[in-house]
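Peer 1:
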Amino acid sequence: MAANPTKPLSSQTSRKPTHLSRARRAAVLKALADPRRFELLEQIAKAQCPLGCAQARAAMPISAATLSHHIKELETAGLINVRREGKFHYLSLRAGVLAALATGLAALEQPDCAGR
Numbered sequence: 001m002a003a004n005p006t007k008p009l010s011s012q013t014s015r016k017p018t019h020l021s022r023a024r025r026a027a028v029l030k031a032l033a034d035p036r037r038f039e040l041l042e043q044i045a046k047a048q049c050p051l052g053c054a055q056a057r058a059a060m061p062i063s064a065a066t067l068s069h070h071i072k073e074l075e076t077a078g079l080i081n082v083r084r085e086g087k088f089h090y091l092s093l094r095a096g097v098l099a100a101l102a103t104g105l106a107a108l109e110q111p112d113c114a115g116r
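Using this note's numbering, the letters of the sequence shown correspond one by one to residues 1 to 116.
Rendered as structure tokens:
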């Protein structure tokens, strides 16, 4: 089967959709409610490859301890993966979690009730 050149390779692979339990969905939303964590998640997403903690730290006006706390919260919620190489840490988005969250939230939207 030939690859479709109009789609990125990652979207061509068939992967089981991520399912978020109620508890995990609540944990994800709680983690994203903090503006600093959301900013960190945006940085990780924009990097398009694993983001080094040193790069994240340089871009955010917070202490190393605070950054570490936010990373741990995002990892515990299941939003990011942390790869450790010696004393260095690299952050990447966990595949499918944000898409599953968006799908779940979109399912809550109801059609416009024009008759009321």
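Virtual Cβ for every residue (Gly too), placed ideally from N, Cα, C.
#1: Check whether the stretch 52-68 and the stretch 19-32 touch, using three or more Cβ-Cβ pairs below 8 Å as the test.
#2: When the Cα of LYS46 is compared with those of ALA77, SER92, ARG36, GLY78, which residue comes out closest?
#3: Which same chain residues, not among the five before or five after LEU67, have their C-beta less than 8 Å away from its C-beta?
#4: Within this structure, are the beta carbons of LEU74 and ARG37 separated by less than 8 Å?
#5: I'd like to check one pair, ARG83 with PRO50: are the Cβ atoms closer than 8 Å?
#6: Do you know how far the Cα of GLY96 is from the Cα of ALA77?
#7: In the structure shown, what three-state DSSP assignment does GLU39 receive?
#8: To the nearest angstrom, how far is the alpha carbon of LEU108 from that of LEU101?
Peer 2: So, from the data block:
#1: no
#2: SER92
#3: LEU40, CYS53, ALA56, ARG57, MET60
#4: yes
#5: yes
#6: 13 Å
#7: helix
#8: 11 Å
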